[in-house]
Amino acid sequence: MDIQAQLNEVFEALHNKCALIHHITNYVTVNDCANVVLAIGASPIMADEQSEVEEMVGICAALVLNIGTANERTIVSMLKAGKAANAKGIPVVLDPVGVGATPFRRQSVAKLMEAISFSVIRGNMAEIKTIAGLEAKSAGVDSLEEESDGAKIALNLAKKLGCVIAITGKIDIVSDGDSTYALDNGDVALTKLTGTGCMSSSLIGSFLGASNHALASAIAGILTMSIAGELADKSQGMGTFRTSLIDAISQMDAKRIMSSAKIDFIK
Amino acid sequence: MDIQAQLNEVFEALHNKCALIHHITNYVTVNDCANVVLAIGASPIMADEQSEVEEMVGICAALVLNIGTANERTIVSMLKAGKAANAKGIPVVLDPVGVGATPFRRQSVAKLMEAISFSVIRGNMAEIKTIAGLEAKSAGVDSLEEESDGAKIALNLAKKLGCVIAITGKIDIVSDGDSTYALDNGDVALTKLTGTGCMSSSLIGSFLGASNHALASAIAGILTMSIAGELADKSQGMGTFRTSLIDAISQMDAKRIMSSAKIDFIK
Amino acid sequence: MDIQAQLNEVFEALHNKCALIHHITNYVTVNDCANVVLAIGASPIMADEQSEVEEMVGICAALVLNIGTANERTIVSMLKAGKAANAKGIPVVLDPVGVGATPFRRQSVAKLMEAISFSVIRGNMAEIKTIAGLEAKSAGVDSLEEESDGAKIALNLAKKLGCVIAITGKIDIVSDGDSTYALDNGDVALTKLTGTGCMSSSLIGSFLGASNHALASAIAGILTMSIAGELADKSQGMGTFRTSLIDAISQMDAKRIMSSAKIDFIK
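Residue numbers (our numbering), protein chains in the order written: chain A, 4 to 270; chain B, 4 to 270; chain C, 4 to 270.
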């Protein structure tokens with residue numbers, strides 16, 4: 004099945020099922036994540052108490068783990084929720100925000116990756132290189148990496164981990180270790196708004212919860228954000244851009260994705 | 004005094020007093036809650052450290068407890084703040100978000116209800132049925148319940164607990180155990196935006212802090228949200244709807260409520 | 004060098020360097036703080052885990068500590084981050100939100116001030132008077148103080164602490180213990196939106212991270228917020244005002260500041 008047909012399928016699945024998406028995520032962008040999950044047609048639950056996350060994830064269709072403002076307590080919650088999700092066959096997305104910035108983040112992500120099988124890991128180039136064990140140049144939570152090696156890095160890491168790797172940047176790369184795609188949509192304004200990466204991960208989780216198709220969900224989630232970024236009003240400033248971005252996400256559908264998507268099959 | 008006169012009174016009270024409303028609430032929708040409290044003319048304080056909540060609630064006019072992202076630490080803070088509020092005669096609102104979803108939530112709400120006398124409890128049908136000890140169908144934090152039995156459930160629970168019960172949904176039911184009202188305002192777009200329930204509870208807290216009239220405050224808070232939802236622009240998408248909703252709340256007054264409210268006295 | 008030239012310099016510095024600004028801040032307004040830091044041209048990092056804040060601040064150009072929803076855990080993180088910043092010569096901003104409201108806040112701020120040298124402390128009159136050891140009238144996190152003594156209080160406290168003191172209100176006062184300025188921009192709508200104080204502190208941190216010029220950064224940060232408040236659309240309600248305020252901040256530059264600023268040199 005070609006990628007267009009698969010994208011149609013995940014949008015169809017989302018349309019037919021209001022999937023509950025459990026998040027253990029950061030407090031900076033959590034409200035935007037909840038609103039984009041609703042805007043695309045799924046339903047968010049945010050809960051991080053250790054004594055409830057196993058039951059909470061059990062009633063959900065997907066789990067999104069985002070370490071943006073993680074602490075010792077919430078990393079334990081993520082481990083519990085992720086293991087419970089794996090045991091029940093519920094797909095898990097990892098957003099390793101700023102993983103290279105501190106030993107705490109590197110060690111926490113190492114623990115998560117050892118304990119949990121992820122369906123999709125989405126990060127910028129510096130984050131994914133850090134996970135791949137490569138030297139990475141970053142500035143805090145932003146990547147300073149060249150993107151030219153992205154396809155090889157994504158493909159190799161996807162093969163090694165047995166999950167979909169999504170590297171977002173000027174060109175987005177998505178690989179399941181077999182097929183690798185480059186996506187050339189988006190707008191530079193998306194880098195001037197907090198949480199567009201987090202929101203992309205939540206959108207991936209939304210498609211994944213409805214379809215359990217990891218590769219197409221990663222591509223659909225990223226394209227939803229980047230094409231919404233193209234459509235959104237950039238003429239007034241960043242407040243209007245944000246409002247207009249959520250407007251565009253709430254009106255996104257397979258048809259709009261198909262007519263705007265610039266997808267290259269790399270290998 | 005008829006309900007219209009009571010609504011006029013709570014709006015008048017709010018106008019005359021910039022009531023401080025202490026919240027211990029979730030980090031998903033906390034910013035929206037703060038902004039609607041300001042928009043309606045009260046003043047929000049969010050604070051959850053155990054060693055300060057008793058003093059903090061002591062300088063406030065009402066307390067709103069919302070368990071959306073509660074954890075073991077913040078439940079203790081809620082217990083302390085709620086007891087201190089009761090001791091000083093400061094009214095307390097409970098928003099039992101997703102109470103049926105996990106044992107942790109059920110037990111936490113049971114503890115809160117045992118230790119604290121609430122003035123108003125606002126939830127969706129599944130949450131209120133869970134509190135009433137009835138079987139409830141929910142999907143995460145959303146209710147899947149029929150609303151036909153709402154009036155009886157609200158009335159009986161209000162009598163039993165001696166507080167106002169507000170069940171929000173397509174039709175909203177509010178009862179103080181004596182009088183029961185059905186409110187038929189709102190818009191389906193409100194279900195596609197995160198935090199409209201939380202914001203309603205914060206609006207109830209705002210009116211309650213100014214007036215200490217539980218029944219009219221519950222009705223005024225719910226009508227403010229649902230009529231703002233009717234007035235808000237739904238033509239552009241969910242980003243614009245959210246902005247326009249806050250616009251409408253900040254321009255709400257007794258006159259606009261009276262001219263739009265669909266209130267049925269049930270019993 | 005006159006203040007206009009200094010303001011030009013800090014805008015120029017911000018333009019030339021995308022400064023990383025580490026925040027340990029409250030969960031009510033954190034998203035707005037992140038977005039204004041991006042809007043003005045710097046880059047935000049929010050992280051509060053005790054075991055990573057020392058490394059995190061080490062890769063940043065400035066640190067903003069905001070006690071709005073601080074708890075025992077995050078106060079320890081603030082102490083660690085602040086000391087690490089001092090050791091590396093990274094400037095630190097303190098926003099003592101509601102410091103007078105509870106003993107926990109007063110004691111926490113006392114600990115922070117004993118352990119950390121701040122470059123700028125920004126608060127309302129009640130907060131600054133509390134820090135100065137004077138009697139202060141406040142309502143929760145809002146000041147009820149007269150502003151007439153502001154210049155003397157700011158000057159004396161700045162001298163005593165060896166840092167810039169910024170008192171924001173109808174008239175804003177900024178002093179470095181040598182020069183004292185009164186700023187007469189702004190709009191009353193800014194008091195009806197949550198987080199405009201927090202955002203001002205984050206803007207100050209952004210200029211400070213780029214320039215390390217405390218006095219001019221404090222003035223530039225405050226003027227950015229207050230002039231944006233003047234420019235923003237107030238005709239539709241508080242939702243539109245918020246959107247429009249972020250628009251105006253993202254379009255702010257030295258020229259717009261210079262043409263609108265009402266700066267009085269007091270002494």
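Beta carbons: idealized from backbone N, C-alpha and C, even for Gly.
* Going along the chain, which residues of the region 25-58 of chain C sit with their C-beta nearer than 7 angstroms to a C-beta in chain A? -> Y30, V33, N34, A37, N38, L41, A42, S46, P47, I48, M49, A50, D51, E52, S54, E55, E58
* Range covered by the alpha helix (DSSP H) that runs through C/F107 -> Residue mapping note: residue 107 of chain C aligns to position 104 of the third sequence, counting from 1. 106-118 is the extent of the alpha helix (DSSP H) around C/F107.
* Exposed or buried, A/A8, counting other C-beta atoms within 10 Å across all chains shown (16 or more means buried)? -> Translated into positions along the first sequence, residue 8 of chain A becomes position 5. Under this definition A/A8 is an exposed residue.
* Can you tell me the Cα-Cα spacing of A/I230 and A/I176, whole angstroms? -> Position 227 of the first sequence, counting from 1, holds the residue named residue 230 of chain A. Position 173 of the first sequence, counting from 1, holds the residue named residue 176 of chain A. Just so you know, the alpha carbons of A/I230 and A/I176 end up roughly 15 angstroms apart.
* Ignoring anything shorter than 3 residues or poking outside the region 34-103 of chain C, list the beta strand (DSSP E) runs there in chain order. => 46-49, 65-69, 95-98
* Taking the alpha-carbon positions, what's the A/D152 to A/S204 distance? -> Counting from 1 along the first sequence, the entry for residue 152 of chain A is found at position 149. Counting from 1 along the first sequence, the entry for residue 204 of chain A is found at position 201. If I take the Cα positions, the gap works out to 22 angstroms.
* Any C-beta of chain A sitting closer than 8 angstroms to the C-beta of C/D250? -> Taking the third sequence and counting its residues from 1, the one referred to as residue 250 of chain C is at position 247. So, interface residue.
* Asked: Whose C-alpha, out of B/A251, B/A73, B/D267, B/T72, is nearest the C-alpha of C/S238?
  -> Within the third sequence, numbered from 1, the residue matching residue 238 of chain C stands at position 235. The candidate whose alpha carbon is nearest that of C/S238 is B/A251.
* Asked: Mind checking if C/I62 is an interface residue toward chain A, Cβ cutoff 8 angstroms exclusive?
  -> Translated into the one-based positions of the third sequence, residue 62 of chain C becomes position 59. C/I62 counts as touching chain A.
* Asked: Does the beta carbon of C/S229 sit closer than 8 angstroms to a beta carbon anywhere in chain A?
  -> Locating residue 229 of chain C in the third sequence gives position 226, counting from the first residue. With 8 angstroms as the cut-off, C/S229 does not count as an interface residue toward chain A.
* Proximity to C/A22 [Cα-Cα], best of C/M261, C/L206, C/L234, C/Q254 -> Taking the first residue of the third sequence as position 1, residue 22 of chain C is located at position 19. It is C/L206.
* For the region 122-130 of chain B against the region 73-84 of chain B, are there 3 or more C-beta pairs whose distance is under 8 angstroms? -> The answer is no - the region 73-84 of chain B does not touch the region 122-130 of chain B, with fewer than three Cβ pairs under 8 angstroms.
* Could you run through the region 82-109 of chain A and flag, in chain order, every residue whose CB is less than 9 angstroms away from some CB of chain C? => G101, A104, T105, P106, F107, R108
* Asked: Does any C-beta atom of chain C lie closer than 8 angstroms to the C-beta of A/E75?
  -> The residue you call residue 75 of chain A lines up with position 72 of the first sequence. True, the Cβ-Cβ gap to chain C drops below 8 angstroms.
* To do: May I ask you to list the residues that DSSP assigns as paired with B/F14?
  => Numbered from 1 along the second sequence, position 11 holds the residue referred to as residue 14 of chain B. B/F14 pairs with nothing; no bridge assigned.
* Asked: Going along chain B in order, which residues have a C-beta closer than 7 angstroms to the C-beta of C/T72?
  -> Locating residue 72 of chain C in the third sequence gives position 69, where the first residue counts as 1. Chain B residues near C/T72: M49, A50, D51.
* With DSSP run on the structure shown, which of helix, strand or coil describes A/S182? -> By 1-based counting over the first sequence, the position of residue 182 of chain A is 179. DSSP, reduced to helix, strand and coil, places A/S182 outside both helices and strands of the structure shown, so it counts as coil.
* **the region 17-36 of chain A contacting the region 56-70 of chain A, beta-carbon criterion three pairs below 8 angstroms** => Between the region 17-36 of chain A and the region 56-70 of chain A there are three or more C-beta pairs closer than 8 angstroms, enough to call the two in contact.
* Asked: Measuring from the CB of C/A64, is there a heavy atom of the ligand SAH at a distance below 7 angstroms?
  -> Of the ligands one can find in the structure shown there are none, so the ligand SAH has no counterpart to examine.
* In chain C, which residues lie with their C-beta within 9 angstroms of the C-beta of B/R245? -> Position 242 of the second sequence, counted from the start, is the residue given in the question as residue 245 of chain B. Chain C residues near B/R245: G242.
* To do: Look at A/N188 and A/E117 and say whether their C-beta atoms are less than 8 angstroms apart.
  => Stepping through the first sequence from its first residue, residue 188 of chain A is reached at position 185. Stepping through the first sequence from its first residue, residue 117 of chain A is reached at position 114. No, the Cβ-Cβ distance between A/N188 and A/E117 is not below 8 angstroms.
* Asked: What are the residues of the region 195-214 of chain B that lie near chain A, defined by any Cβ-Cβ distance shorter than 9 angstroms?
  -> Taken in chain order, the members of the region 195-214 of chain B whose beta-carbon sits within less than 9 angstroms of a beta-carbon on chain A are K195, L196, T197, G198.
* Asked: When DSSP labels each residue in this structure, what does A/F121 get in the three-state scheme?
  -> Residue mapping note: residue 121 of chain A aligns to position 118 of the first sequence, counting from 1. In this structure, A/F121 counts as coil in the three-state DSSP scheme.
* Asked: Looking at the C-beta of C/Q239, does it have a partner C-beta in chain B at a distance below 8 angstroms?
  -> In the third sequence, counting from the first residue as 1, residue 239 of chain C sits at position 236. For C/Q239, the answer is yes, since a Cβ of chain B falls inside 8 angstroms of its Cβ.
* **Own chain, CB closer than 8 angstroms to A/I134, minus 5 neighbours either side, in chain order** => As a working mapping, residue 134 of chain A is identified with position 131 in the first sequence. Excluding residues within five positions, the ones whose Cβ falls inside 8 angstroms are P99, V102, V112, M116, I124, G126, L160.
* To do: Kindly indicate which residue of A/F107, A/G224, A/T246 has the alpha-carbon position closest to the one of B/G240.
  => As a first step, residue 240 of chain B must be located in the second sequence, where it is residue number 237. Looking at the Cα atoms, A/T246 is the closest of the given residues.
* **Residues that DSSP places opposite C/V177 in a beta bridge** => Here residue 177 of chain C is taken as the residue at index 174 of the third sequence, counted from 1. According to DSSP, which records beta bridges pairwise, C/V177 is partnered with C/A169, C/Y184.
* Look at the Cβ atom of C/M202, then the Cβ atom of C/C36, and state whether they are nearer than 8 angstroms. => Position 199 of the third sequence, counted from the first residue, corresponds to residue 202 of chain C. Position 33 of the third sequence, counted from the first residue, corresponds to residue 36 of chain C. Going by C-beta atoms, C/M202 is nearer than 8 angstroms to C/C36.
* Tell whether a beta-carbon distance below 8 angstroms holds between C/N29 and C/G71. => The sequence position of residue 29 of chain C within the third sequence is 26, counting from 1. The sequence position of residue 71 of chain C within the third sequence is 68, counting from 1. With respect to C/G71, C/N29 sits close: the two C-beta atoms are nearer than 8 angstroms.
* Through-space distance from A/A42 to A/T171, alpha-carbon basis -> As a first step, residue 171 of chain A must be located in the first sequence, where it is residue number 168. As a first step, residue 42 of chain A must be located in the first sequence, where it is residue number 39. Computed Cα separation, rounded: 21 angstroms.
* Can you list, in chain order, the residues of the region 251-265 of chain B whose Cβ is nearer than 9 angstroms to any Cβ on chain C? -> A251, I252, S253, Q254
* To do: Indicate the three-state DSSP secondary structure (helix, strand or coil) for C/D190 in the structure shown.
  => Taking the third sequence and counting its residues from 1, the one referred to as residue 190 of chain C is at position 187. Coil.
* **Cβ separation of B/D179 and B/V167, assumed to be a contact under 8 angstroms, to the nearest whole Å** => Locating residue 179 of chain B in the second sequence gives position 176, where the first residue counts as 1. Locating residue 167 of chain B in the second sequence gives position 164, where the first residue counts as 1. B/D179 to B/V167, Cβ: 5 angstroms. Contact.
* Expected contact under 8 angstroms - CB spacing of A/G242 and C/I225 to nearest Å -> The residue given as residue 242 of chain A occupies position 239 in the first sequence. The residue given as residue 225 of chain C occupies position 222 in the third sequence. About 19 angstroms separates the two Cβ atoms, so there is no contact after all.
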